[in-house]
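J.: First the structure, then my questions, so here it is.
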Amino acid sequence: MSPFLKLYFRFALLLLLVTLVFGVLAAWAFVMPELFSRYFPFYQLRPFHVSAAIFWIITGASAGILYYKREVLSHHPLKTKYKQVFIILWILSILAIFFCYSFRIFGGREYWEFPSVLSIPLLICWLAFMASYFLPVRSPIHPIPQYVWMWSTGIFFFLLTFIEQNLWNIPWFRESYVRELTIQWKANGAMVGAWNQMIYGTSLYIMVKISGDESMAHSRKSYMFYFIGFANLMLNWGHHIYNVPSAGWVRNVSYIVSMTEWVVFISIMRDFRKRVDEYKKALNFVSYRFVVASEFWVMANLLLALLMSIPAVNRYTHGTHITVAHAMGTTIGINTMILLGSLGYILNVDKYTGGVRNLINKGYNIGQYSLVVFWVALIVAGLLKGYRTAVLDIPDFQTIMQPVNSILTVAAVAGIGVAIGFGLIVFSYFKVLNDR
Ligand code: HEM
52 MSPFLKLYFR FALLLLLVTL VFGVLAAWAF VMPELFSRYF PFYQLRPFHV SAAIFWIITG
112 ASAGILYYKR EVLSHHPLKT KYKQVFIILW ILSILAIFFC YSFRIFGGRE YWEFPSVLSI
172 PLLICWLAFM ASYFLPVRSP IHPIPQYVWM WSTGIFFFLL TFIEQNLWNI PWFRESYVRE
232 LTIQWKANGA MVGAWNQMIY GTSLYIMVKI SGDESMAHSR KSYMFYFIGF ANLMLNWGHH
292 IYNVPSAGWV RNVSYIVSMT EWVVFISIMR DFRKRVDEYK KALNFVSYRF VVASEFWVMA
352 NLLLALLMSI PAVNRYTHGT HITVAHAMGT TIGINTMILL GSLGYILNVD KYTGGVRNLI
412 NKGYNIGQYS LVVFWVALIV AGLLKGYRTA VLDIPDFQTI MQPVNSILTV AAVAGIGVAI
472 GFGLIVFSYF KVLNDR
């Protein structure tokens, strides 16, 4: 592995650590505002946490793609300059963003709350990443495996959605509040579809490698998965614009597409499990476990999404912590699991026995169980708040939140478990990286 790529992997893991630490702090700042408001108010901790989470996902996905593409696509060695520019500028831009957050210099929009001028280096970075991915390819393999289609589509659409996400900088888009809000949420929704393409492609790639069965990336089901994922990328924004006046069918179509994508994904993962015998499982046990965990979380989130889409339930749960459970259930349960499986595969952590393996096992167990408690507590908090607001019709926010806050305290305690569990895994991966 080149020193640049090593640096990039370290940075990805560091971002995950920052996400965990600031997530825990934000949760406690929410349940105990009087203790935190002076030095670490929630409004400052939240952007730190959420931006770090988004950058962890994008950095983790692109790190894997940069590594795997060398194995899959023929490449031109001279073009590595683009990769180096991307890595250095990406790291510096993100550090500049955190620097701004530290001094409470905000700007931008939801999830990207830094001064918008910093979007310019991020855009240049992505163009450099695209150059390093697409330009060196002389003769793509035939037939092109689905994971290559997925990576390529995700990378290209990330560029489009990032530009769309920044359109509000042009005054015309800000002239109408509804116009700006619609485009903003549409872009955020489609961007999730773009990074999912990169991450699901990565998941398919490691499934192929662990099972040793390349036909998984050429099967009819994998084509279907790609096209539904692509449709989801185009349409899933429909259920992210709930705060904008829009026709109900738009939301329903996008819900159906998103859920179908998950159903096909579950089916592919089941096929994968059938193809992996005990020997292959043992060779890549860490990555295998993360893939299986992501399957569990796809199912759990599918159930939650079904629940949220029932209008009678949505009436109560809308805008409560159920939405937060959905966001973190997917970004931790699905995206982070796949990315940790992918990094584990690249670092070949299964080669290690003793200390490192024990730490990974411990971290995995603590992380999974805590995540279940964390996720369920957020859902219960959401249901309770919805019930007290819409059914009991309590007008005063403080009274509504009294019992809800006790449940959020349970979530905050479980969040510490999530942070410890994943923290141990990050620590082990760092150790392995230092050994290489
Ligand atoms: C890999 C780890 C994590 C990822 C990827 C992640 C991701 C996210 C995302 C995407 C959001 C935005 C949700 C929304 O807008 O609805 C969020 C919010 C939040 N997360 Fe996390 N998270 C992680 C771990 C944690 C942990 C360990 C905690 C600790 C309890 C935590 C606490 C919070 C809090 C308090 C919020 C703000 C919720 C609100 O605005 O009401 N997160 N996280």
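Here my numbering is used: the first residue of the sequence shown is 52, the next is one more, and so on.
Every residue, glycine too, gets a C-beta built ideally from N, C-alpha and C.
(1) Under the assumption that Met201 contacts Gln248 (Cβ atoms under 8 Å), give the Cβ distance between them as a whole number of angstroms.
(2) Which of the three DSSP states, helix, strand or coil, is assigned to Arg160?
(3) Which residue wins for smallest C-alpha separation from Ser102, given the options Cys151, Tyr133 and Lys57?
(4) Hey, how far is the Cα of Gly111 from the Cα of Ala80?
(5) Going by the C-beta, is Tyr162 closer than 8 Å to any heavy atom of the ligand HEM?
(6) Label Ala238 either buried or exposed according to how many other C-beta atoms from any shown protein chain fall within 10 Å of its C-beta, with 16 as the threshold for buried.
(7) Any chance the stretch 86-103 sits against the stretch 400-412, with 3 or more Cβ pairs inside 8 Å?
(8) What number of angstroms, rounded off, separates the C-alpha of Leu422 from the C-alpha of Tyr403?
(9) Does the distance from the C-beta atom of Ser203 to that of Leu169 stay below 9 Å?
(10) Name the residue from Ile171, Asn399, Val477 and Pro166 whose alpha carbon lies nearest to the alpha carbon of Trp141.
(11) Write down every uninterrupted run of the beta strand (DSSP E) in the stretch 65-90 whose length is 3 residues or greater and which is fully enclosed by it, in chain order.
(12) Using only the heavy atoms of the ligand HEM, determine whether one of them is closer than 8 Å to the beta carbon of Phe490.
(13) What whole-angstrom Cβ distance do Gly418 and Ile476 have, given they're in contact under 8 Å?
(14) Is there contact between the stretch 299-312 and the stretch 334-349, where contact requires at least three CB pairs shorter than 8 Å?
(15) Identify whether Met52 lies in helix, strand or coil by the three-state DSSP scheme.
(16) Whole angstroms is fine: what's the gap from Thr44's alpha carbon to Pro446's?
(17) Please identify the residue among Phe209, Gln235, Met310 and Arg340 whose C-alpha is closest to the C-alpha of Leu218.
(18) Taking the alpha carbon of Ala77 as the reference point, which residue from Asp328, Leu67, Leu65 and Phe91 has its own alpha carbon closest?
(19) Taking one C-beta from the stretch 250-264 and one from the stretch 206-220 each time, how about it: are there three or more such pairs within less than 8 Å?
(20) Helix, strand or coil, according to DSSP, for Asn283 in the structure here?
(21) What do you reckon, are the CB atoms on Gly414 and Ser479 nearer than 9 Å?
(22) Is there contact between the stretch 427-436 and the stretch 372-383, where contact requires at least three CB pairs shorter than 8 Å?
(23) Would you mind listing the alpha helix (DSSP H) stretches within the stretch 91-159 that are 4+ residues and don't spill past its ends, in chain order?
(24) Say whether the stretch 273-282 touches the stretch 315-328, bearing in mind that this needs 3 or more beta-carbon pairs closer than 8 Å, one atom from each stretch.
(25) Along the chain, where does the alpha helix (DSSP H) containing Asp264 start, and where does it finish?
(26) Can you list, in chain order, the residues of its chain whose CB lies under 8 Å from that of Val442, leaving out five sequence neighbours each side?
T.: Judging by the given coordinates:
(1) By 1-based counting over the sequence shown, the position of residue 201 is 150. By 1-based counting over the sequence shown, the position of residue 248 is 197. Met201 to Gln248, Cβ: 5 Å. Contact.
(2) Your numbering for residue 160 matches position 109 in the sequence shown. Residue state, collapsed to three classes: strand.
(3) Translated into the one-based positions of the sequence shown, residue 102 becomes position 51. Comparing Cα positions, the closest option is Cys151.
(4) The residue labelled residue 111 in the question sits at position 60 within the sequence shown. The residue labelled residue 80 in the question sits at position 29 within the sequence shown. Each residue's Cα considered, the two are about 28 Å apart.
(5) Position 111 of the sequence shown, counting from 1, holds the residue named residue 162. True, at least one ligand heavy atom lies under 8 Å from that Cβ.
(6) As a working mapping, residue 238 is identified with position 187 in the sequence shown. Buried: at least 16 other Cβ atoms inside 10 Å.
(7) no
(8) For this step, residue 422 is matched to residue 371 along the sequence shown. For this step, residue 403 is matched to residue 352 along the sequence shown. Cα-Cα distance, rounded: 26 Å.
(9) For the purposes of this step, residue 203 is taken as the residue at position 152 of the sequence shown. For the purposes of this step, residue 169 is taken as the residue at position 118 of the sequence shown. For Ser203 and Leu169, no; Cβs fall outside 9 Å.
(10) Counting from 1 along the sequence shown, the entry for residue 141 is found at position 90. Of the candidates Ile171, Asn399, Val477 and Pro166, the one whose C-alpha sits nearest the C-alpha of Trp141 is Ile171.
(11) none
(12) Residue 490 falls outside the range modelled here, since the chain spans only 52 to 487, and no answer is possible.
(13) Here residue 418 refers to the residue found at position 367 when the sequence shown is read from its first residue. Here residue 476 refers to the residue found at position 425 when the sequence shown is read from its first residue. Right, the Cβ-Cβ distance comes to about 7 Å (below 8 Å), so this counts as a contact.
(14) no
(15) Numbered from 1 along the sequence shown, position 1 holds the residue referred to as residue 52. DSSP places Met52 in coil when its eight states are reduced to three.
(16) The structure shown does not extend to residue 44, since the chain is modelled only from 52 to 487, so the question has no answer here.
(17) Mapped onto the sequence shown, residue 218 falls at position 167. Checked all of Phe209, Gln235, Met310 and Arg340; the closest Cα to Leu218 is Gln235.
(18) Taking the sequence shown and counting its residues from 1, one reaches residue 77 at position 26. Ala77 has its Cα closest to that of Phe91, out of Asp328, Leu67, Leu65 and Phe91.
(19) Judged by Cβ distances under 8 Å, the stretch 250-264 makes no contact with the stretch 206-220, as fewer than three pairs qualify.
(20) Taking the sequence shown and counting its residues from 1, the one referred to as residue 283 is at position 232. Helix at Asn283.
(21) As a first step, residue 414 must be located in the sequence shown, where it is residue number 363. As a first step, residue 479 must be located in the sequence shown, where it is residue number 428. Their beta carbons are under 9 Å apart, which means Gly414 touches Ser479 by this criterion.
(22) Under the Cβ criterion (8 Å, minimum of three pairs), the stretch 427-436 counts as touching the stretch 372-383.
(23) 93-123 and 131-153
(24) yes
(25) To locate residue 264, count along the sequence shown from 1; it is residue 213. Run containing Asp264: none; DSSP gives neither H nor E here.
(26) Taking the sequence shown and counting its residues from 1, one reaches residue 442 at position 391. Cβ neighbours of Val442 beyond the five flanking positions: Tyr367.
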